[in-house]
Amino acid sequence: MRTARRLEHAGQPDLFGEAPAAAIEGLRYENGFLSREEEAGLLRIVQGLPLREMRYKEYTAKRRGIGFGGSYDFDTNRLKPGAPMPEVLHPLRDKAAAWAGVAPGDLTHALIAEYRPGTPLGWHRDVPDFEEIVGVSLHTDAVMQFRPYVPGASASGPASLEFLIEPRSIYVLRGPARWAWQHAIAPTPGLRYSITLRTRRTARP
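Using our numbering, you'd call the opening residue of the sequence shown number 1 and step up by one each time.
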């Protein structure tokens, strides 16, 4: 049975409804983006990749992953060249691009991440080299959390809004949802994979 916590702040919209985009401008979410057969094929692909523990300066995350189309150096805060996106991921890229309304070639970066049971993703905005963020979820539910972005705010703290991301779903963050909010993933109840596709930003802020 799929469950997730609801936030009960007075006057605060609830993202567990049918239209989460109504609560955060620039957020769009759709369940059932992938068929079960498509999900099974992608799981075979991602589970065959050489996933490694992800490092952020001196911090080693619990999740494992691999990136294509660039590698972000958190010591210099610069995006370095990386291996191109494998052709085996192009059908997903093309389908996600059509859903998000962007050209397939604009989704130049892909990050595949594995969340073992109990793995969280802390508060963050994606690095400023990227513009639009498209996420596809595989295998297990996750709870995505949001709070307004405040420069210099604590790396921990409560969420303002949260909603359930189901397997085979897709979301996009653009505009205010991308830049005016931080997001996080609560500790996952089971093994989960995500494929995050990003467009490049033409100029850094």
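Where is the CB? At the ideal position from N, CA and C, for every residue including glycine.
Under a Cβ-count criterion, where at least 16 other Cβ atoms within 10 Å of its own Cβ denotes burial, should residue i be classed as buried or exposed?
i           : result
residue 52  : exposed
residue 83  : exposed
residue 153 : exposed
residue 188 : buried
residue 35  : exposed
residue 199 : buried
residue 202 : exposed
residue 124 : exposed
Under the assumption that residue i contacts residue j (Cβ atoms under 8 Å), give the Cβ distance between them as a whole number of angstroms.
i           : j           : result
residue 155 : residue 145 : Actually they do not touch by this definition, with Cβ atoms about 13 Å apart.
residue 70  : residue 109 : 5 Å
residue 142 : residue 165 : 5 Å
residue 33  : residue 169 : 6 Å
residue 173 : residue 27  : 6 Å
What is the rounded straight-line gap between the Cα of residue i and the Cα of residue j?
i           : j           : result
residue 41  : residue 114 : 16 Å
residue 178 : residue 37  : 30 Å
residue 136 : residue 87  : 17 Å
residue 175 : residue 45  : 31 Å
residue 112 : residue 25  : 26 Å
residue 128 : residue 89  : 24 Å
residue 120 : residue 105 : 30 Å
residue 91  : residue 98  : 11 Å
residue 147 : residue 161 : 7 Å
residue 191 : residue 64  : 12 Å
residue 96  : residue 196 : 10 Å
residue 93  : residue 39  : 14 Å
residue 100 : residue 30  : 11 Å
residue 167 : residue 116 : 15 Å
residue 171 : residue 163 : 11 Å
residue 57  : residue 126 : For residue 57, the predicted model reports a pLDDT of 49, less than 50, meaning its position is unreliable; a value from the coordinates is still stated below. Rounded to whole angstroms, residue 57 to residue 126 spans 15 Å at the Cα level.
residue 131 : residue 67  : 16 Å
residue 182 : residue 149 : 5 Å
residue 140 : residue 151 : 32 Å
residue 118 : residue 186 : 8 Å
residue 103 : residue 23  : 27 Å
residue 157 : residue 133 : 23 Å
residue 62  : residue 107 : 26 Å
residue 138 : residue 180 : 27 Å
residue 85  : residue 122 : 26 Å
Between which two residues does the alpha helix (DSSP H) harbouring residue i extend?
i          : result
residue 41 : 36-47
Are any of the Cβ atoms in chain C nearer than 8 Å to that of residue i?
i           : result
residue 175 : The chain inventory of the structure shown lacks chain C, comprising one protein chain alone.
What are the start and end residues of the beta strand (DSSP E) that includes residue i?
i           : result
residue 93  : No beta strand (DSSP E) holds residue 93; the alpha helix (DSSP H) holding it covers 90-100.
residue 108 : 107-115
residue 133 : 130-138
residue 121 : 121-124
residue 30  : 27-30
**Report entry** Entirely enclosed beta strand (DSSP E) segments - the stretch 146-196, minimum 3 residues
**Finding:** 161-165, 170-173 and 181-185
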